[in-house]
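K.L.:
Chains as they are written, first to last, in this note's numbering: chain F, 1 to 405; chain L, 406 to 496.
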């Protein structure tokens, strides 16, 4: 009896051992299979990623600040003084994330939406094809190559002062079209070229221009081109000349052949005179619109004027980058700006401003600015068109923080 | 003999201009002085034309490739300059 029980016990133990071993083996197979599946999936994902071939990144700029002003007006015989302040205004608030998507080393897509005082807008949305060593072909919605301020210097984390120079960026449209550009070595010198074909500006009823129109108002396209020349081997000086030529009138209207011709001259000089970094920038814009008979907002009669606009700025800043400690992060800047719009129009004015600023660079792309601007404007409009006549003086104090992310 | 129209003459002139531009672009060479410049030198000279010189640690090596293309379209530096500057920033 005991022997039977013993044999039964051994048999049960062997059976249990057999079952457990098979279960463990089955478990092991399941784990191995799951791991292999996961590895295969990761290999697929890794192959799909094609490291080094496609890349997406987000950068951008955030600028915020505070402005307080006092304005003394003597307009149409009435004198008044006004004061005000605000956190956001067009010169000191912007939140613009920029999306960059590089595909291989030949394609780059750029998209920069912007939230600012004008609401939500788009700064640029374009795709570039790097066709040859110094030949880039771009298409989409982009800043036109007219001068250099709007394309290179306007961002809050780059600009030394809290404000844009009057009339400079305003006369540089962003538009839909195609563009060809590049930089060329020329011995010790360099040059660069930039040519764009776009829908073009459109003439408003008062003689001003609008740009960035997704629907063209005529079948004529506008050509904008800039040539830049860097005469020194250290690239410290760049001088450029730009032109923009196209018809601005509506198709099948009496002004369909009216032309808008614009010219710009720019200068950029940056040189380290140790321990001081000297930075000089300047641009001069000219805008000429052909003769047009406009309709008076007062009595609907015809009137005309010489539609000629100019704007100019010269800016200088210095920063002791060669010194140590706090002082090397401090920069002082000054700028003179003039902006003259057509006399005898509804918006004619001779304007100029002096702007000075003190900046503290927290790091290479983060800056805190204190800016003071003294503006004077003298109207050159006519009372017959209900324009203001007289003058305005406005002094504005800005605090601004800007960061590139 | 048939006289060429103004449109055809314009097209020929534009074509010749394009051929000339392509020829110029291919024949343009930097001097030995410029060709010998390092990425660090070009970084110091070119970036500060518009903004402060960036810290190499700001972006990853792959991101610097993307930023390099973006900056080439903005500042119109040459391709050689862009490659040298990006190589320097990636180190």
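Note that the Cβ used here is the ideal one computed from N, Cα and C, for glycine as well. Note that this is a predicted model, so its numbers are computed, not measured.
Per DSSP, what kind of secondary structure is residue 365 (chain F) in: helix, strand or coil?
P.N.:
Your numbering for residue 365 (chain F) matches position 365 in the first chain. Three-state DSSP puts residue 365 (chain F) in coil, outside helix and strand.
K.L.:
Drop a sphere of 10 angstroms on the beta-carbon of residue 21 (chain F), count the other beta-carbons inside from all chains shown, and report buried for 16 or more, exposed for fewer.
P.N.:
Looking up residue 21 (chain F) in the first chain gives position 21. So residue 21 (chain F) counts as exposed.
K.L.:
Around the C-beta of residue 406 (chain L), are 16 or more other C-beta atoms found within 10 angstroms, so that it is buried, or is it exposed?
P.N.:
Looking up residue 406 (chain L) in the second chain gives position 1. For residue 406 (chain L), the predicted model reports a pLDDT of 47, less than 50, meaning its position is unreliable; a value from the coordinates is still stated below. Exposed: under 16 other Cβ atoms inside 10 Å.
K.L.:
Which residues in chain L have a C-beta closer than 8 Å to the C-beta of residue 136 (chain F)? List them in chain order.
P.N.:
Here residue 136 (chain F) refers to the residue found at position 136 of the first chain. Those are 477, 478, listed as they occur along chain L.
K.L.:
Taking CB distances under 7 Å as the criterion, tell me whether residue 483 (chain L) reaches chain F.
P.N.:
For the purposes of this step, residue 483 (chain L) is taken as residue 78 along the second chain, with counting starting at 1. At least one CB of chain F lies nearer than 7 Å to the CB of residue 483 (chain L).
K.L.:
When DSSP labels each residue in this structure, what does residue 144 (chain F) get in the three-state scheme?
P.N.:
Within the first chain, numbered from 1, the residue matching residue 144 (chain F) stands at position 144. Residue 144 (chain F) falls in the coil class under three-state DSSP.
K.L.:
Rounded to whole angstroms, what's the CA-CA distance from residue 249 (chain F) to residue 417 (chain L)? Just pull it up for me.
P.N.:
Reading the first chain from its first residue, position 249 is the one you call residue 249 (chain F). Reading the second chain from its first residue, position 12 is the one you call residue 417 (chain L). Between the alpha carbons of residue 249 (chain F) and residue 417 (chain L) lies a distance of about 29 Å.
K.L.:
Please state the DSSP three-state secondary structure of residue 358 (chain F).
P.N.:
For the purposes of this step, residue 358 (chain F) is taken as the residue at position 358 of the first chain. Reduced to three states, the DSSP call for residue 358 (chain F) is strand.
K.L.:
Just to confirm, are residue 76 (chain F) and residue 305 (chain F) a CB contact at a threshold of 7 Å?
P.N.:
What you label residue 76 (chain F) is simply residue 76 of the first chain in a count that begins at 1. What you label residue 305 (chain F) is simply residue 305 of the first chain in a count that begins at 1. No; because the gap between Cβ atoms is not below 7 Å, this pair is not in contact.
K.L.:
Please state whether the Cβ-Cβ distance between residue 100 (chain F) and residue 456 (chain L) is less than 7 Å.
P.N.:
Walking along the first chain from the start, residue 100 (chain F) turns up at place 100. Walking along the second chain from the start, residue 456 (chain L) turns up at place 51. The answer is no: Cβ separation not under 7 Å.
K.L.:
Output yes if chain F places a C-beta closer than 7 Å to the C-beta of residue 471 (chain L); else output no.
P.N.:
For the purposes of this step, residue 471 (chain L) is identified with residue 66 of the second chain, where counting begins at 1. So, interface residue.
K.L.:
Could you tell me the boundaries of the beta strand (DSSP E) in which residue 407 (chain F) lies?
P.N.:
The structure shown does not extend to residue 407 (chain F), since chain F is modelled only from 1 to 405, so the question has no answer here.
K.L.:
Against chain F, does residue 453 (chain L) count as a neighbour if the rule is that its beta carbon must be under 7 Å from one of theirs?
P.N.:
The residue given as residue 453 (chain L) occupies position 48 in the second chain. With 7 Å as the cut-off, residue 453 (chain L) counts as an interface residue toward chain F.
K.L.:
Could you tell me which of F:368, F:302, F:170 sits nearest to residue 92 (chain F), measuring between CA atoms?
P.N.:
Start at 1 with the first residue of the first chain, and residue 92 (chain F) comes out as number 92. Selected option, being the one with the closest Cα: F:368.
K.L.:
Using a Cβ-Cβ cut-off of less than 8 Å, list which residues of the stretch 114 to 131 of chain F approach chain L; keep chain order.
P.N.:
128, 130
K.L.:
If you run the structure through DSSP and keep just helix, strand and coil, what is residue 473 (chain L)?
P.N.:
Indexing the second chain from 1 puts residue 473 (chain L) at position 68. Three-state result, residue 473 (chain L): helix.
K.L.:
Could you say if the stretch 201 to 217 of chain F and the stretch 127 to 136 of chain F meet the contact criterion of at least three C-beta pairs nearer than 8 Å?
P.N.:
no
K.L.:
For residue 188 (chain F) and residue 233 (chain F), which I take to be in contact (beta-carbon distance under 8 Å), what is that distance rounded to the nearest angstrom?
P.N.:
Numbered from its first residue, the first chain carries residue 188 (chain F) at position 188. Numbered from its first residue, the first chain carries residue 233 (chain F) at position 233. Going by Cβ atoms, the distance from residue 188 (chain F) to residue 233 (chain F) rounds to 4 Å, so yes, they are a contact pair.
K.L.:
Kindly indicate which residue of F:291, F:163, F:231 has the alpha-carbon position closest to the one of residue 67 (chain F).
P.N.:
Locating residue 67 (chain F) in the first chain gives position 67, counting from the first residue. The candidate whose alpha carbon is nearest that of residue 67 (chain F) is F:163.
K.L.:
Express the C-alpha separation of residue 278 (chain F) and residue 271 (chain F) in angstroms, rounding to a whole number.
P.N.:
Against the first chain, residue 271 (chain F) aligns to sequence position 271. Against the first chain, residue 278 (chain F) aligns to sequence position 278. Taking the straight line joining both Cα atoms gives about 5 Å.
K.L.:
Can you tell which of F:326, F:323, F:341, F:331 has its C-alpha closest to the C-alpha of residue 312 (chain F)?
P.N.:
Numbered from its first residue, the first chain carries residue 312 (chain F) at position 312. Here the closest residue by C-alpha is F:341.
K.L.:
By Cβ distance below 6 Å, which residues in the same chain neighbour residue 238 (chain F) in space, the five residues on each side in sequence not counted?
P.N.:
For the purposes of this step, residue 238 (chain F) is identified with residue 238 of the first chain, where counting begins at 1. Same-chain partners within the cutoff: 228, 230, 268.
K.L.:
Would you kindly report the start and end of the unbroken beta strand (DSSP E) that includes residue 101 (chain F)?
P.N.:
Working through the first chain from its first residue, we reach residue 101 (chain F) at position 101. First-last of the beta strand (DSSP E) with residue 101 (chain F): 94 to 103.
K.L.:
Kindly list, in the order they appear in chain L, the residues whose Cβ is closer than 7 Å to that of residue 247 (chain F).
P.N.:
Residue 247 (chain F) sits at position 247 when you count from the first residue of the first chain. What residue 247 (chain F) touches in chain L: nothing, since even the nearest Cβ is about 17 Å away.
K.L.:
Can you check whether the CB of residue 320 (chain F) is closer than 7 Å to the CB of residue 276 (chain F)?
P.N.:
Here residue 276 (chain F) corresponds to residue number 276 of the first chain, with the count starting at 1. Here residue 320 (chain F) corresponds to residue number 320 of the first chain, with the count starting at 1. For residue 276 (chain F) and residue 320 (chain F), yes; Cβs fall inside 7 Å.
K.L.:
Excluding the five sequence neighbours on either side, which residues of its own chain have a C-beta within less than 7 Å of the C-beta of residue 173 (chain F), listed in chain order?
P.N.:
Here the question's residue 173 (chain F) lines up with position 173 in the first chain. Hits under 7 Å: 144, 201, 211, 212.
K.L.:
For residue 60 (chain F), name the three-state secondary structure that DSSP assigns.
P.N.:
As a working mapping, residue 60 (chain F) is identified with position 60 in the first chain. Note: residue 60 (chain F) maps to strand in three-state DSSP.
K.L.:
Determine the DSSP secondary structure at residue 316 (chain F), reduced to helix, strand or coil.
P.N.:
Start at 1 with the first residue of the first chain, and residue 316 (chain F) comes out as number 316. Strand.
K.L.:
Count the other CB atoms, across all protein chains shown, that sit within 10 Å of the CB of residue 443 (chain L); report buried if there are 16 or more and exposed otherwise.
P.N.:
Along the second chain, read from residue 1 onward, the residue named residue 443 (chain L) stands at position 38. Exposed: under 16 other Cβ atoms inside 10 Å.
K.L.:
Measure from the alpha carbon of residue 221 (chain F) to the alpha carbon of each residue in F:193, F:236, F:258, then state which is nearest.
P.N.:
The sequence position of residue 221 (chain F) within the first chain is 221, counting from 1. It is F:258 whose Cα lies nearest to the Cα of residue 221 (chain F).
K.L.:
Indicate whether at least one CB of chain F lies closer than 7 Å to the CB of residue 459 (chain L).
P.N.:
The residue given as residue 459 (chain L) occupies position 54 in the second chain. Cβ-Cβ to chain F under 7 Å: yes for residue 459 (chain L).
K.L.:
Got a sec: is the Cβ-Cβ distance from residue 436 (chain L) to anything in chain F below 7 Å?
P.N.:
Residue mapping note: residue 436 (chain L) aligns to position 31 of the second chain, counting from 1. Closer than 7 Å: yes.
K.L.:
Just checking: is the beta-carbon of residue 406 (chain L) within a distance shorter than 7 Å of some beta-carbon in chain F?
P.N.:
What you label residue 406 (chain L) is simply residue 1 of the second chain in a count that begins at 1. Its pLDDT being 47, under 50, residue 406 (chain L) is placed unreliably in this model, and the value from its coordinates should be taken loosely. No, because no Cβ of chain F sits closer than 7 Å to the Cβ of residue 406 (chain L).
K.L.:
With a threshold of 16 other CB atoms inside 10 Å of the CB of residue 61 (chain F), please say whether the residue is buried or exposed.
P.N.:
What you label residue 61 (chain F) is simply residue 61 of the first chain in a count that begins at 1. Buried, by the Cβ-count rule.
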